[in-house]
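So the structure is just underneath, and the comments pick up after that.
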Amino acid sequence: MLSWLIDPLHTAVCVLALGAVVWRWRRRLGMGLIATGLGWGLLWSLPVASEALRESLIRQRPSLPQSPRADAIVVLGGAIGPVRYFDQGDADAPALAGNRVALAARVWREQRATSILLSGGPAARTRGVAEARIMAAALRKLGVPERAMVLEDRSTSTRDNARDSAAIARQRGWRRVVLITSSLHLPRAARLFEREGLQVLPMAPPEPRIATGSAWRPSLQTARRSGETLKEYALFVLSAI
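Encoded structure:
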């Protein structure tokens, strides 16, 4: 329920509905609520506000050393795009520029670490198949050998990713890991992995720029993007507890 309410469009509708009800008895208060609902929805539908919020969250991630070397690369499950993008076996292909799995292959190829830990269990978007196994299949197509991969295929949340990955790291004597996930998810993920006792070198593929036209032109696409950021921001704050 909280996740649904954080979405700015949902919040705006709820405040507007409340304002309409209150207006029947307290017109000034009702109008204030209606104006607040409209203003909130409009604010987060503006690209200039949405991108500022997104950048402020991304800046919360730890800094990355100039030449990061680690015991292992950890890749968290998430959207990796159509599987056909990996068929050419080229981690440098333009279609894979923003892909976390392709980034892991490039980092491994640069010999910054010898092992890649793939963390992610079954998800609705994968129809019950563990995300770790899907990422492993993609990495094989990019030329990463099976012996370099370790699968953690049970976790279903970021806390699970951190706890289960840290357990594997302790078994193998890993202390320092390159952590790869989306730029928006990285601040929270890094915090949880560090809490498990790992030294984290955070990395994320570049985010694709969303064509929204003018920075001051509101759109539903921008409002949905803002909702994604607000939810992640809330989870980031809660992860500190």
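Numbered by the UniProt record's numbering, the letters in the sequence shown go through residues 1 to 241 in order.
Glycine is no exception: its CB is placed at the ideal position from the N, C-alpha and C atoms.
Check: On the three-state DSSP scale, how would you describe isoleucine 134?
Finding: helix
Next item on the list: Determine the burial state of tryptophan 44: buried for a count of at least 16 other Cβ atoms within 10 Å of its Cβ, exposed for fewer.
Entry: buried
Checklist line | Cβ-based neighbour list, alanine 136, same chain, cut-off 7 Å, excluding 5 preceding and 5 following | finding: Leu118, Met149, Leu151
Note to self: Below 8 Å, how does it come out for the stretch 79-92 and the stretch 188-195: are there three or more Cβ pairs, yes or no?
What the structure shows: no
Check: Buried or exposed: where does aspartate 92 fall if 16 or more other Cβ atoms within 10 Å of its Cβ makes it buried?
Finding: exposed
Notebook entry, point to check: Among Leu235, Gly128, Gly227, Val237, which one has its Cα closest to the Cα of glutamate 51?
Noted result: Gly227
Next item on the list: Determine the extent of the alpha helix (DSSP H) in which glutamate 196 is found, giving its start and end residues.
Entry: Unbroken run through glutamate 196: none, as it is neither H nor E.
Check: By DSSP, does serine 119 sit in helix, in strand, or in coil?
Finding: strand
Next item on the list: Out of Gln199, Leu186, His185, Leu238, point me to the one whose CA is closest to arginine 170's CA.
Entry: Gln199
Next item on the list: Helix, strand or coil for arginine 176, going by three-state DSSP, please let me know.
Entry: strand
Notebook entry, point to check: Who are the near neighbours of valine 101 in its chain, counting only those whose CB is closer than 8 Å to its CB and skipping five residues on each side?
Noted result: Val75, Ile80, Phe86, Met135, Ala138, Leu139, Leu142
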